[in-house]
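In full-length UniProt numbering, the protein residues as written are 1 to 216. C-beta atoms are modelled at their ideal positions from N, C-alpha and C, and glycine is treated no differently. Predicted model, so just to flag it, every value in this text is computed and none were measured.
What follows is the structure in structure tokens.
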């Protein structure tokens with residue numbers, strides 16, 4: 001554990017814990033756009049649909065997109081309110097019969113014999129390099145021949161509204177490689193530029209993208 005772990009204020013630490021997300025998802029309206037994440041679309045569109053697990057699924061945008069592509073999906077998140085929202089959105093999208101929901105924290109995730117043709121997570125940023133351990137845990141749930149897709153924010157000066165500790169939780173794709181066990185071929189490990197509008201201002205950010213296939 002790095003020195004930085006001791007410098008998280010209570011408020012900073014809260015963003016990584018379920019209660020703050022339960023609160024976010026308890027209000028009216030949507031917190032996220034509902035659109036699938038672009039790197040998911042880029043990498044998964046060419047795959048043959050099978051079983052998929054989306055960890056940190058939030059309001060279910062990616063889960064619903066996968067279900068519409070023909071996947072049988074499990075949406076997992078540590079926030080019950082987020083899962084309830086996602087389930088509502090799945091009903092509205094008429095894909096609820098292709099989706100299961102699972103309340104679990106990615107940091108304590110254990111495959112326990114479950115396996116999926118695709119395991120994906122987008123924009124989870126546990127503090128202090130925790131995504132390496134999350135990557136290791138998620139890789140255990142990938143079936144032989146299946147794929148793992150991990151996407152997050154690369155460190156960037158545009159995230160001025162975040163604290164230093166929150167920015168430190170970001171990563172580049174290569175940071176995650178130590179969490180990938182033997183038996184995986186790395187297909188993509190790169191930062192992909194994406195233009196977004198934040199508070200009316202157009203900014204360029206990078207999506208750190210790790211895409212790997214389990215060969216054994």
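Item, Value
"The region 165-179 touching the region 136-154, judged by at least three CB pairs closer than 8 Å", "yes"
"Assigned secondary structure, residue 135 (DSSP; H/G/I helix, E/B strand, else coil)", "helix"
"Segments of 3+ residues assigned as beta strand (DSSP E) that fall wholly inside the UniProt domain \"Methyltransferase\" (53-146)", "72-77, 99-103 and 116-122"
"Chain-order list of residues whose beta-carbon lies under 8 Å from that of residue 68 (same chain, five-residue window excluded)", "93 and 95"
"Three-way DSSP call (helix, strand, coil) for residue 177 in this model", "helix"
"Other residues of its chain near residue 167: CB distance less than 7 Å, five sequence neighbours each side excluded", "155 and 159"
"At least three beta-carbon pairs within less than 8 Å, the region 73-90 to the region 123-132", "no"
"Own chain residues within Cβ distance below 6 Å of residue 104, not counting five before or after", "76"
"Bounding residues of the beta strand (DSSP E) (the contiguous stretch that carries residue 190)", "184-198"
"Strand pairing of residue 51, partner residues [DSSP]", "72"
"Residue nearest to residue 205 in terms of C-alpha spacing, selected from 193, 215 and 213", "193"
"Beta-carbon gap between residue 122 and residue 175 smaller than 8 Å", "no"
"Which of helix, strand or coil DSSP assigns to residue 40", "helix"
"Residues bridged to residue 215 (per DSSP)", "Residue 215 pairs with nothing; no bridge assigned."
"Own chain, CB closer than 7 Å to residue 305, minus 5 neighbours either side, in chain order", "Lying outside 1 to 216, the shown extent of the chain, residue 305 is not represented and no answer is given."
"7 Å Cβ shell around residue 187 - same chain, five flanking residues per side excluded", "211, 212 and 213"
"Counted within 10 angstroms of its Cβ, other Cβ atoms place residue 198 as buried (16 or more) or exposed", "exposed"
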